[in-house]
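Only one structure is covered here, and it is reproduced in the block below.
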Amino acid sequence: MTESIHRFSHRYVSFPVPSAVIRTLALLGNFKPRAAAVALPFSSAAPPCHAGGYVGGFCALGSGFPLSLPQRRTATRISAAGWFSGLGAKKGKGTALPEIVKAGDPVLHEPADEVPLQEIGSEKIQKIIEDMVAAMRKAPGVGLAAPQIGVPLKIIVLEDTKEYISYAPKKEIKAQDRRPFDLLVIVNPKLKKKSNKTAYFFEGCLSVDGFRAVVERHLEVEVSGLDRNGNPVKIDATGWQARILQHECDHLDGTLYVDKMVPRTFRTVENLDLPMAKGCPPLGTREILDGEKIL
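Heads up, my numbering is the position in the sequence shown plus 793, with the first residue counted as 1.
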């Protein structure tokens, strides 16, 4: 018997799904099959999204989760369903990673759900984390949020390596205060700013391929949450790492960098070095004093 599940979409279009996938989704909790359901910086040489000021890749399972997974089906449709059906299973050779979801898919434009504490150590959540890290590195990028692989959960991964940084001009690296850091996995992150200092720089996203725009970000932030084992973590970040964290946490709120970009700075990677339109703020740091920004 053909069953249907909800997509991660506001278009409320149902589609047939193999019974094996239905059984898998049922195991993920809070899913009841229905006969008909009505109602998911960098150079042109392909180093990780960073030359020219790119912030790369930046991008409901188990009992207790809302119906988010089966209801908010992404545009990846059957291919994503095939990936979810393998959650928690050991990978064989040649097993494909989930594709990066592109802007326009509803899963990128709505808030993600928190991961219940009791689910963090589960095989399903651990597999999501492993695939996020692998997809980020394959892209390559310096960060990825779970919604970017069609999973509406509050999980982010990020890292910036010496190799990635080596692709950027030294002047740019210094201006952006960019330093390497090891892999970070943060579940249910909460971000708060630590100062009124901000910076304007170009950034991009693996979900908005081929484009960049200037975005104002805080220079110092604190992010608290849980690691992949459920232990409390707190990161005090500055400079480029702070920018990546803000970018990734925005994804969990359903916000893309293009929602925050400075007007008229949006451009293709090929045009990144061209002069900006008149009236656009110069790149660099700012400080807000008494409501006014000063250089």
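Yeah, the Cβ is synthetic: ideal placement off N, Cα and C, and Gly gets one too.
Bear in mind the structure is a predicted one, so any value in this text is a computation, not a measurement.
Across the set 1009, 972, 981, the C-alpha of 1009 shows the shortest separation from the C-alpha of residue 989. Between residue 951 and residue 1038 the beta-carbon gap is near 7 Å, inside 8 Å, which marks them as a contact. Note: residue 950 is bridge-paired with 937, 978 in the DSSP secondary-structure output. In the DSSP secondary-structure assignment, residue 1059 is not bridged to any residue. Around the beta-carbon of residue 1030, 16 or more other beta-carbon atoms lie within 10 Å, marking it buried.
Taking C-alpha positions only, residue 1067 is separated from residue 943 by approximately 34 Å. For residue 1024, the number of other beta carbons within 10 angstroms of its own is below 16, and it is reported as exposed. Per the coordinates, the alpha-carbon of residue 889 lies some 16 Å from the alpha-carbon of residue 933. The beta-bridge partner set that DSSP reports for residue 983 consists of 1017. Setting aside the 5 residues that flank it on each side, residue 1061 is surrounded in the same chain by 1003, 1004, each with a C-beta closer than 7 Å to its C-beta; the list follows chain order. Sixteen is the threshold: when 16 or more other Cβ atoms of the shown chains lie within 10 Å of the Cβ of residue 996, as they do, the residue is buried. The beta carbon of residue 1016 is closer than 6 Å to those of 982, 984, 1028, 1038 in its chain, skipping five residues each way along the sequence.
Here the alpha carbons of residue 905 and residue 1019 stand approximately 16 Å from one another. In the three-state reduction of the DSSP assignment, residue 993 falls in the strand class. Residue 1011 sits in a strand when the DSSP states are folded into three classes.
When DSSP states are grouped into helix, strand and coil, residue 914 belongs to the coil group. Take residue 1022, set aside five residues on each side of it, and the residues of its chain with a beta-carbon closer than 8 Å to its own are 913, 914, in chain order. Distance from residue 1055 to residue 1074 at the Cβ level is roughly 6 Å; contact confirmed, criterion being Cβ atoms closer than 8 Å.
Here residue 908 is actually not in contact with residue 966; their C-beta atoms are around 34 Å apart, not less than 8 Å. Secondary structure note for residue 1029: its beta strand (DSSP E) is the uninterrupted segment 1025-1031. By alpha-carbon distance to residue 1011, the top candidate from 1001, 1032, 1000, 999 is 1032.
8 Å or more divides the Cβ of residue 973 from the Cβ of residue 991. With a 10 Å radius around the Cβ and a threshold of 16 neighbouring Cβ atoms, residue 962 comes out exposed. Residue 957: member of the alpha helix (DSSP H) spanning 955-959, first to last residue. When rounded, the separation of the alpha-carbon atoms in residue 1064 and residue 910 is 45 Å. Counting every other CB atom within 10 Å of its CB across the protein chains shown gives residue 936 a total of 16 or more, marking it as buried. Pairing residue 994 with residue 1007 gives a Cβ-Cβ distance under 8 Å.
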